[in-house]
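Here the sequence shown stands for residues 1 to 264, where the numbers follow the UniProt record's numbering.
Data block below; observations after.
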Amino acid sequence: MTLTHPAYGQLRTVTPTASVLLANNPNQMTLQGTNTWILRAPGRSDCVVIDPGPKDREHSEAVARETDGNIALTLITHHHHDHTGGIDRLTKLTGTTVRAMEPEHLRGSVTPLTDGEIIEAAGLRITVLATPGHTTDSVSFVLDDAVLTGDTVLGSGTTVLESRDGALGDYLASMDRLLAVAPGRALLPAHGPDHPEAEPVLRYYIQHRQERLEQVRAALRELGPNAKPLQVVAKVYADVDKKLWPAARSSVKAQLAYLRSQQN
């Protein structure tokens, strides 16, 4: 029987080179859980792992088992714990080298990932694409037939932006970069289901972000230009579970900074 999302603890084939192992860590922020991607070129026994997942012994052991411990390289999309918590356990089990944007997550390497870098490992050619916005260190990985987007683009819903100034501008630029490489490629996100075509998902993300911006503008017209982020959240996200309001506040702060920067 062909597996479908979500399939906890079972290796599910998605493309000729990409399979996914879903961690059993579902919550409101991780959706059904964290996707650990296992990339393997046809005919190869070694592989590349994208995001070891959370600090979860069962998940780390499943990744080691499904790869036979033959991991040429592990790559990290960004620093959040549900993606990096499993690094040390997987390293202990398999001896894998780990590379990331942030030096603290490097194992067996002293070289952080760089934008535009081309990685050749396990018979694969992987291009590193810096896609900040969700976090400053967010990167996506481009394969011949797919793009792995981390938390920059999810399989369902939309991502949370950092609250820092410049986050939304960075994020919109990241969307444009991803859209440029999307044609002909599948979307393999770090949370939620995969999609056979990346381009429609990216266009939805861009449209949604513009709609949210207009909603924030409307809220400011009603509340006044100096409205606090949480006041705007109460207007724009009134239909969203209040447990998600802290995350929404982060995105609203980024949107407010973006709109106010445009006025200067």
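Glycine included, each C-beta is placed from N, C-alpha and C at the ideal position.
Please name the residue, chosen from the options, that lies closest to residue i on a Cα-to-Cα basis.
| i | options | result |
| --- | --- | --- |
| residue 7 | 194, 225, 121 | 194 |
| residue 115 | 108, 142, 95, 17 | 142 |
| residue 257 | 127, 47, 169 | 169 |
| residue 70 | 80, 94, 138 | 94 |
| residue 75 | 59, 47, 187 | 47 |
| residue 207 | 67, 175, 139 | 175 |
| residue 269 | 132, 140, 190, 160 | Nothing about residue 269 can be read from this structure; the chain reaches only from 1 to 264. |
| residue 68 | 81, 124, 85, 11 | 11 |
| residue 53 | 118, 77, 144 | 77 |
Grouping DSSP H, G and I as helix and E and B as strand, with all else coil, what is residue i?
| i | result |
| --- | --- |
| residue 150 | strand |
| residue 196 | coil |
| residue 180 | helix |
| residue 42 | coil |
| residue 73 | strand |
| residue 4 | coil |
| residue 240 | coil |
| residue 117 | coil |
| residue 185 | coil |
| residue 64 | helix |
Quick one, are the C-beta atoms of residue i and residue j less than 9 Å apart?
| i | j | result |
| --- | --- | --- |
| residue 25 | residue 51 | no |
| residue 186 | residue 30 | no |
| residue 158 | residue 209 | yes |
| residue 178 | residue 198 | yes |
| residue 113 | residue 121 | no |
Per DSSP, residue i is paired with what?
| i | result |
| --- | --- |
| residue 107 | 98 |
| residue 161 | According to DSSP, residue 161 bridges with nothing at all. |
| residue 20 | 12, 37 |
| residue 139 | 130 |
| residue 50 | 37, 75 |
| residue 125 | 120 |
| residue 31 | 27 |
Buried or exposed: residue i, going by 16 or more other Cβ atoms within 10 Å of its Cβ?
| i | result |
| --- | --- |
| residue 56 | buried |
| residue 218 | exposed |
| residue 238 | exposed |
| residue 253 | buried |
| residue 87 | buried |
Does any residue of chain C bring its CB to less than 9 Å from the CB of residue i?
| i | result |
| --- | --- |
| residue 68 | Here there is only one protein chain, and chain C is not present. |
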